[in-house]
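Here's the structure, in structure tokens; my notes come after.
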Amino acid sequence: MSAPVVLFYAFAALAIISALGMVLNVRNTVASALSLVVTMVSLAGIYVLMEAHIVAAFQIMVYGGAIVVLFLFVVMLLNLRHDEFPPARQRALKLAGAGLALLVLVELLRVLSVDVPEAPPLPEGFGGYAQLGIALYTDYVLLVEVAGLLLLAAIVGALILAKRRID
Amino acid sequence: MPVEVVIKALFILAVVVGAFAPIITWVERKQSAVMQDRIGANRADVAGITLLGLLHPLADVIKLLTKEDVVPDGANRVMHLIAPVIAAVPAVVAFAVIPFGGIYVFGNTTLSLVVADPDWGLLYIFAIGSIATYGTIMAGWSSNNNWSMLGGLRASAQMISYEVTMGLSVVGVFMVFQTLKLTDMAVAQDQTFRLLGFLPLLFGMQLPVWLDWIRLPAWGLFYQPLGFVMFLTAIMAENKRPPFDMPEGESEIIAGYHLEYSGMRFGLFFMSEFIEVVVIAGLITAIFLGGWAIPYLSQETIIGAITPVFGLGFATGLCLLLHVLTFFLKVIVMIWFQMALRWSLPRFRYDQVMDLCWKVMLPLSIVNIFVTGLVLLVIQEAGR
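Next comes the structure, spelled out in structure tokens:
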């Protein structure tokens with residue numbers, strides 16, 4: 001096996017193990033969130049193997065860094081305990097989770113059964129910030145602006161919530 | 168190729184971790200002593216030789232290594248043990264993408280003095296920096312101590328806030344140099360620009376020839392003065408040293424996140440802070456102070472001037488040496504600057520730290536991006 005293949009399996013195994021660690025670690029929320037960080041970072045490793053360097057950098061900066069830090073911040077402030085979720089809602093959550101997992105499994109089996117065609121050679125500068133920027137601001141400019149609007153809505157919502165506290 | 172990379176990595180490790188970090192612990196003591204009219208560290212000696220107190224770092228290391236490594240009762244043992252490692256590793260590996268010299272051609276081999284040179288060099292540093300936050304948070308949470316917990320909370324809030332500003336404040340630099348690659352940035356700064364070059368551009372007038380001689384080095388500092396100030400502030404806040412030492416807050420929360428650490432595990436937090444001082448100095452040098460470039464003497468000028476006398480190989484080698492020395496001289500200046508700031512400014516209050524980030528620096532950095540884009544657009548249009 002060549003080095004990228006070995007690295008791929010290593011990162012994939014790490015991602016799966018830490019994802020399981022996140023889901024099964026119900027008693028310790030902080031450890032669960034930290035497992036999520038490991039999952040994010042190993043996914044970033046897989047992105048690097050796929051030559052998507054900028055996506056990998058943002059995966060670590062945004063998901064691995066900022067977002068999970070916020071999770072941890074909230075978890076540490078609230079100090080949630082296991083018994084604070086009402087049992088009825090928990091059963092519904094479990095059912096929904098099982099349904100989603102089943103959907104993912106079906107989709108996975110479908111994808112795995114299809115023969116993967118040989119990948120075409122990568123274009124020049126693939127995965128670089130220049131290519132990413134050009135794609136974002138030409139082909140996907142509508143999606144970028146919609147995402148911007150979504151963030152604006154979130155900011156306005158946060159402001160209103162904070163203002164109610166002050167008034 | 169891998170051998171070359173290993174040698175460069177070992178060189179950087181030896182210089183930054185082996186030489187700079189221990190010596191600046193001494194510098195910090197001596198400089199604070201001078202600023203407070205004391206004598207400072209001068210007692211550690213080997214057979215009566217004190218070397219101006221330079222043996223103190225050695226005494227520190229021996230003391231830290233021989234102390235008991237305590238894990239408090241009720242602490243999360245695994246997390247408590249690995250948190251210092253997670254805090255220290257990013258500080259060391261961040262130097263991988265900072266070029267400490269230019270690109271030199273010896274015959275048919277090319278030598279680039281940087282350990283790793285990805286196209287997204289600066290993003291690598293931001294990504295590594297965002298992982299460093301976890302060391303602090305884990306240390307604070309796993310110690311099972313309220314003061315540590317408060318320190319960890321403060322650290323997480325402070326670090327993610329300043330990460331935003333830190334990223335936005337260098338966007339102007341990306342726009343000016345048209346790259347994220349630190350080696351390309353340093354090469355672009357090995358030039359000069361006409362200080363009054365905007366006059367003919369704006370008013371179409373001809374400048375007298377002597378005004379063309381008023382030139383500045385093409386450093387990020389001169390293109391992006393506001394970006395420089397904001398980036399320096401934000402990255403110093405990321406390092407959590409005074410005046411931004413809220414997570415430690417000796418007078419309020421004792422020692423914050425590393426309160427429950429002893430021995431070399433405390434030493435790792437301590438060392439990573441000092442290594443980060445060197446990394447910050449190196450990063451600021453590479454982005455804003457021209458990196459290895461000697462002002463007004465570009466690489467071609469130096470090699471061109473020496474080649475007729477000593478030959479091309481010697482000239483290139485000498486140029487390499489001069490560039491590496493220039494880089495570390497600039498790094499030393501930036502380290503001194505950080506130390507001087509640490510001992511001259513009073514600490515912020517926590518709300519002031521947050522106000523500075525969200526209400527002053529974030530809007531200013533967005534304005535900076537907008538103005539930079541406008542100026543670049545005007546230059547592009549006028550150049551047509």
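From first to last, the protein sequence lines stand for chains A and B.
The first sequence maps to residues 1 to 167 in my numbering.
The second sequence maps to residues 168 to 551 in my numbering.
Glycine included, C-beta positions come from ideal geometry on N, C-alpha and C.
Looking at the backbone, the Cα of B:I295 and that of B:P375 are separated by about 49 Å.
Partner residues in the beta bridge of B:V213, as assigned by DSSP, are B:I216. Rounded to the nearest angstrom, the Cβ distance from B:E235 to B:G430 is 6 Å, consistent with a contact under 8 Å.
Only residues of its own chain outside the window of five on either side were considered, and among them L485 have a CB closer than 8 Å to the CB of B:F477, listed in chain order.
Scanning the region 205 to 272 of chain B from its first residue to its last, the whole alpha helix (DSSP H) runs of 4-plus residues come out as 223 to 233 and 244 to 260. For B:T192, the closest Cβ of chain A is not nearer than 9 Å. Your pair A:F73 and A:I46 does not check out as a contact, with CB atoms roughly 27 Å apart and the cut at 8 Å.
Chain A has a Cβ within less than 9 Å of the Cβ of B:S297. Neighbours of B:Y428 across chain A, judged by C-beta separation under 7 Å, do not exist; the nearest C-beta is about 18 Å away.
Within chain A, no C-beta atom comes nearer than 8 Å to that of B:D284; the closest sits roughly 12 Å away.
At a cut-off of 9 Å between beta carbons, A:Y129 contacts chain B. Ranking B:M333, B:L335, B:Q198 and B:T303 by CA distance to the CA of B:G423 puts B:T303 first. Look at A:N25: its C-beta is not under 9 Å from any C-beta on chain B. Taking each of B:D212, B:Q198 and B:P409 in turn and checking the Cα distance to B:I206, the smallest one comes out for B:Q198. Inter-residue distance for A:V146 and A:I60 is about 23 Å (C-alpha atoms, whole angstroms). By the Cβ-count criterion, B:Y390 is buried, with 16 or more other Cβ atoms from all chains shown falling within 10 Å of its own Cβ.
By a beta-carbon distance limit of 8 Å, B:L290 does not contact B:L349. Their separation comes to about 11 Å. Annotation for B:L496: no beta strand (DSSP E) segment contains it, though the alpha helix (DSSP H) segment containing it runs L479 to S511. Taking B:M506 as reference, the option from B:I191, B:V228 and B:M352 with the minimal CA-CA separation is B:I191.
Of the residues A:A19, A:V48 and A:L142, the one whose Cα lies closest to the Cα of A:V5 is A:V48. Using a CB distance cut-off of 9 Å, A:I60 counts as an interface residue toward chain B. The alpha carbon of A:Q90 has as its nearest neighbour, out of A:A15, A:V26, A:V141 and A:F8, the alpha carbon of A:V26. With a threshold of 9 Å between beta carbons, B:N275 makes no contact with chain A.
In this structure, the beta-carbon distance from B:L543 to B:M333 does not fall below 9 Å. Contact residues of the region 315 to 340 of chain B toward chain A are M316, G319, L320, S323, A324, M326, I327, E330, V331 and G334 (C-beta to C-beta distance below 9 Å). Collapsing the DSSP output to three states places A:R110 in a helix. In the three-state reduction of the DSSP assignment, B:I381 falls in the coil class. Proximity of chain A to B:T300 at the Cβ level (cut-off 8 Å) is accounted for by G65 and V69, in chain order. Interface annotation, A:A13: not in contact with chain B, CB-CB separation never under 9 Å.
DSSP, read as helix, strand or coil, puts A:R91 in helix. Look at B:I190 here: in three-state DSSP terms it is helix. Residues of chain A with a Cβ closer than 7 Å to the Cβ of B:L219 do not exist, since the nearest Cβ in that chain sits about 41 Å away. Between the region 485 to 497 of chain B and the region 257 to 275 of chain B, the count of C-beta pairs closer than 8 Å reaches three or more; the two stretches touch. Here B:T452 carries a helix assignment [DSSP, helix/strand/coil]. By the Cβ criterion, the region 447 to 464 of chain B is in contact with the region 380 to 397 of chain B, since at least three pairs of Cβ atoms, one from each stretch, lie closer than 8 Å. Excluding sequence positions up to five before and after B:W314, its CB lies within less than 7 Å of the CB of I420, I421, G423 and L426, all in the same chain and listed in chain order.
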